[in-house]
Amino acid sequence: LEARLEQAAMLKRVVDAIKDLVQDCNFDCNDSGIALQAMDNSHVALVSMMLKSESFSPFRCDRNIALGINLTSLTKVLRAAQGDDILTLKAEDAPDVVNLTFESPESDRLSEYDIKLMDIDQEHLGIPDTEYAATITLPSSEFSRITRDLSALSESVAIECTKEGVKFTCTGDIGNGSVSLRQHTNVENDAKSVDISLTEPVALTFSLKYLVNFCKAAGLSDRVRLCLSNEVPLLVEYGLSNNSYLRFYLAPKIGD
Amino acid sequence: RPSQQTIGKFFGNS
């Protein structure tokens, strides 16, 4: 494997966004790019990252390899990279280590690190293709604000989507709260628009603790997409350039 | 009180 990223910031942010949710992960490398899938310890949330080969220049992966990496270790090493450094990942066949180099674009500084790899026996889940009943695309900062504000009151949030809009409601010991958003097109700045596409009404309840955690990815993208269908996990997607993405799935709370 | 489901309940092993 040899994969060169123009900006180390991208990998720094991705790892930063998921390191509190998942610890030891396989980075599955093949000629289409670098993918990661991992559940949190309680098996309530699933992280799915795809960094497409087009996000790297150049990208070369001659044989499929799984790089088992501890994200705390990776974070320590990535801290040594500046956001605008050129980052290159290298690994041999059947590797013991992954090699990372950080090159400063404006000086002759080159730093180089090896991280020891681990054998990670992770179950890989098949994520079904789902036609979601409701898809909401909103500013990622707005979603962060809603989850943060409501998490101060309650452990759970009910998300209801109807043709009127989307409503986030919570009930807690001190009282209750809700935030409603309607479809809204911001003509000056499309990134601030709220787009809602609905085929049938949806009402689901989720743990706010996980949603707050997902919002650590807000720095990766101006926009976030929420996809919901009744009685299936919520998909929270942060799109990256070149069709790469960081997705989080969250199992709902169901029943009385 | 609704109970927290797990991801495995919805997504099968691949």
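Quick note, the sequences are listed as chains A and B, same order. When we follow our numbering, the leftmost residue of the first sequence carries the number 1, and every step to the right adds one. When we follow our numbering, the leftmost residue of the second sequence carries the number 1001, and every step to the right adds one. Cβ atoms here follow ideal geometry from the backbone N, Cα and C, with glycine treated the same way.
1) Compare the C-alpha of Phe56/A against each of Phe248/A, Arg247/A, Asn243/A, Ile159/A and name the closest.
2) Hey, is Leu153/A's beta-carbon within less than 8 Å of any beta-carbon in chain B?
3) Can you name, in chain order, every residue of its own chain whose Cβ lies under 7 Å from the Cβ of Asp40/A, other than the five neighbours on each side?
4) Taking only three categories from DSSP, how would you classify Leu87/A?
5) Less than 8 Å between CB atoms is the rule here; does Ile159/A satisfy it with respect to chain B?
6) Is the beta carbon of Cys29/A closer than 8 Å to that of Ile69/A?
7) In the segment 163-176 of chain A, which residues sit with their C-beta less than 7 Å from some C-beta in chain B, listed in chain order?
8) Could you spell out the range, first to last residue, of the alpha helix (DSSP H) harbouring Leu74/A?
9) Could you tell me which uninterrupted beta strand (DSSP E) segments, each at least 3 residues in length, are contained entirely in the segment 3-32 of chain A, listed from first to last along the chain?
10) Taking the alpha-carbon positions, what's the Ser73/A to Ile115/A distance?
11) Would you say Lys209/A reaches chain B, if we count a Cβ-Cβ gap shorter than 8 Å as a contact?
12) When the Cα atoms are used, what is the spatial distance from Leu153/A to Tyr132/A?
13) Let me know the secondary structure DSSP gives Gly239/A once reduced to three states.
14) By alpha-carbon positions, which one of Asp195/A, Glu54/A, Leu67/A, Ala38/A ends up nearest to Leu117/A?
15) Is it true that the CB of Cys161/A sits closer than 8 Å to the CB of Leu228/A?
16) Can you name, in chain order, every residue of its own chain whose Cβ lies under 8 Å from the Cβ of Ala191/A, other than the five neighbours on each side?
17) With H, G and I counted as helix, E and B as strand and the rest as coil, what does DSSP make of Val157/A?
18) Using a threshold of 8 Å, state whether the C-beta atoms of Pro58/A and Ile86/A are closer than that.
If we stick to the structure as given:
1) Closest option to Phe56/A, Cα to Cα, is Asn243/A.
2) Answer no: the Cβ-Cβ gap between Leu153/A and chain B never drops below 8 Å.
3) Setting aside the 5 residues that flank it on each side, Asp40/A is surrounded in the same chain by Leu21, Val22, each with a C-beta closer than 7 Å to its C-beta; the list follows chain order.
4) Three-state DSSP puts Leu87/A in a strand.
5) When Cβ-Cβ separations below 8 Å define contact, Ile159/A makes no contact with chain B.
6) For Ile69/A and Cys29/A, no; Cβs fall outside 8 Å.
7) Along the segment 163-176 of chain A, none of the residues has a CB nearer than 7 Å to a CB of chain B.
8) Leu74/A: member of the alpha helix (DSSP H) spanning 71-78, first to last residue.
9) The qualifying runs are 24-30.
10) Looking at the two C-alpha atoms, the distance is approximately 7 Å.
11) Closer than 8 Å to the CB of Lys209/A there is not a single CB belonging to chain B.
12) Put simply, the backbone Cα of Leu153/A is about 29 Å away from that of Tyr132/A.
13) Here Gly239/A sits in strand by DSSP.
14) The residue among Asp195/A, Glu54/A, Leu67/A, Ala38/A with its C-alpha nearest the C-alpha of Leu117/A is Leu67/A.
15) Yes, Cβ-Cβ distance for Leu228/A and Cys161/A is below 8 Å.
16) Apart from sequence neighbours up to five positions away, the residues of its chain that approach Ala191/A with a beta-carbon distance below 8 Å are Pro139, Asp222, Arg223, ordered along the chain.
17) Note: Val157/A maps to strand in three-state DSSP.
18) No, the Cβ-Cβ distance between Pro58/A and Ile86/A is not below 8 Å.
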